[in-house]
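In this note's numbering, the protein residues as written are 47 to 389.
Heads up, the thing below is written out as structure tokens.
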Ligand code: F6P
């Protein structure tokens, strides 16, 4: 019987388990065996696998995270790892691999395809929603809803205490979560990585708002946002296997500046990994399920080097290469809509 492998790599997100379930269920119908590769590319380097059958995916649909585990391992980083991936692919007897991930995991998948190493189909995930060639990645909707609820909660405490509260929201290169949660939650200022922060402007907006009688404000800032002419605020400078620093801290820096410049008492709330945990929304469960089914169809039709994607309301497939070529940053028309409600 032909064998399909599946791995989940990079930051986890709600919706991964629905994809795994869908791949196993559809593969079963098509007569394939499915092998789960543990912890992303690390599992292929170390030959760490688990057989997946109907029982192993029973009950996982509403569960957050990934039953396969994940890692940020890059097999192109350490000498010898790529050969191990090639050898283990053969040893496990895989005919095809479904790689579920974001820019980094799918970047590796695209390279492996180009290098003619394996038969791969990609499935796009990331809460950041920053992958090109798909309208949405799963995980985003759940993170967006969590961040929106957090902004709602911050509103009531900010209002009671007459404070400014800065909400630091995930989003490394793209501000989709901050922007949409900011719009949905009614934030008074939204700051994203795509537009350098102009602190004078931010403080003016807040002061103007307070001068019309408001005694509280909510500022939504993406963790990847930065002041004009200054570096990203990071927790540490060490780079991971894909060359990323660990972000975090812009909220605190921004909060201090706002309090100093406006005189309004300011607090900071870092939403962090709360945004990535827990049960996927119905939207993410459905999207993950559709992606998983389509991924097996691509394997069946030997359409390798492709990625499943959402285009409008349809599930399509696109070249993996297209998907990882450039990041999908925020739509400036949407930012203009958000600005109507600043202040
Ligand atoms: O890529 C998704 C993401 O959640 C980013 O928004 C964030 O910068 C990063 O992952 C955090 O990574 P980690 O969980 O490794 O700290």
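From the three backbone atoms N, C-alpha and C, an ideal C-beta is built for every residue, glycine too.
| query | result |
| --- | --- |
| Suppose only complete runs of 4+ residues qualify. What are the alpha helix (DSSP H) ranges in the stretch 149–199, listed by chain order? | 149–160 |
| Provide the residue span of the beta strand (DSSP E) that contains residue 385, from first to last. | Residue 385 -> not in any beta strand (DSSP E); alpha helix (DSSP H) instead, spanning 378–385. |
| Identify the residues that DSSP records as bridge partners of residue 143: which are they? | 51 and 166 |
| Just verifying my parser: in three-state terms, what is the DSSP assignment at residue 286? | coil |
| Whole angstroms are fine: how far does the CA of residue 69 sit from the CA of residue 102? | 12 angstroms |
| According to DSSP, simplified to helix, strand and coil, what is residue 218? | coil |
| Return the CA-CA distance between residue 135 and residue 228, expressed in angstroms with no decimal places. | 44 angstroms |
| Only counting the same chain, and skipping five residues up and downstream in sequence, which positions put a Cβ closer than 7 angstroms to that of residue 107? | 63, 64, 67 and 331 |
| Would you mind working out which of 56, 384, 49 and 388 sits nearest residue 225, comparing C-alpha positions? | 384 |
| If contacts are defined as beta-carbon pairs under 8 angstroms, then residue 334 and residue 326 qualify, I think. What distance do you get, rounded to the angstrom? | 7 angstroms |
| Using 8 angstroms as the cut-off, can you tell me whether the stretch 86–99 makes contact with the stretch 126–141, which would need three or more C-beta pairs spanning the two stretches below that distance? | yes |
| Could you check where the alpha helix (DSSP H) with residue 302 kicks off and where it finishes? | 296–308 |
| Quick check on this structure: which residue in 230, 231, 222 and 275 has the alpha carbon closest to the alpha carbon of residue 243? | 275 |
| Output the residue ranges of the beta strand (DSSP E) runs that lie fully inside the stretch 93–133 and measure 3 residues or longer, sorted by chain position. | 95–98 |
| Helix, strand or coil: which one does DSSP assign to residue 278? | coil |
| Give me the residue from 57, 252, 271 and 289 with the minimum Cα distance to residue 309. | 252 |
| Determine the closest residue to residue 359 out of 373, 372 and 336, with distance taken between C-alpha atoms. | 336 |
| Could you work out which residue in 113, 249, 319 and 57 is closest to residue 306 when comparing CA atoms only? | 249 |
| Buried or exposed: which applies to residue 258, given that a residue is buried once 16 or more other Cβ atoms fall within 10 Å of its Cβ? | exposed |
| Quick one: does the C-beta of residue 330 sit closer than 7 angstroms to a heavy atom of the ligand F6P? | no |
| For a quick check, are the C-beta atoms of residue 17 and residue 355 less than 8 angstroms apart? | Because the chain here runs from 47 to 389, residue 17 falls outside it and cannot be looked at. |
| Using CA coordinates, which residue listed in 94, 51 and 72 is at the minimum distance from residue 81? | 51 |
| In whole angstroms, give me the CA-to-CA distance for residue 231 and residue 198. | 6 angstroms |
| Just checking residue 174 against the ligand F6P - is the residue's beta carbon closer than 7 angstroms to any of the ligand's heavy atoms? | yes |
| With a cut-off of 8 angstroms, do at least 3 Cβ pairs link the stretch 343–354 to the stretch 181–190? | no |
| Can residue 117 and residue 369 be called in contact, C-beta distance under 8 angstroms? | no |
| Could you round the C-beta distance between residue 208 and residue 264 to whole angstroms and report it? I think they count as a contact, below 8 angstroms. | About 13 angstroms separates the two Cβ atoms, so there is no contact after all. |
| Could you work out which residue in 189, 218, 164 and 109 is closest to residue 240 when comparing CA atoms only? | 218 |
| Straight-line CA distance for residue 290 to residue 189? | 21 angstroms |
| Put residue 292 into one of helix, strand or coil per three-state DSSP. | strand |
| With a threshold of 7 angstroms, establish whether the CB of residue 214 neighbours any heavy atom of the ligand MN. | Ligands present in the displayed structure are limited to the ligand F6P, and the ligand MN is not among them. |
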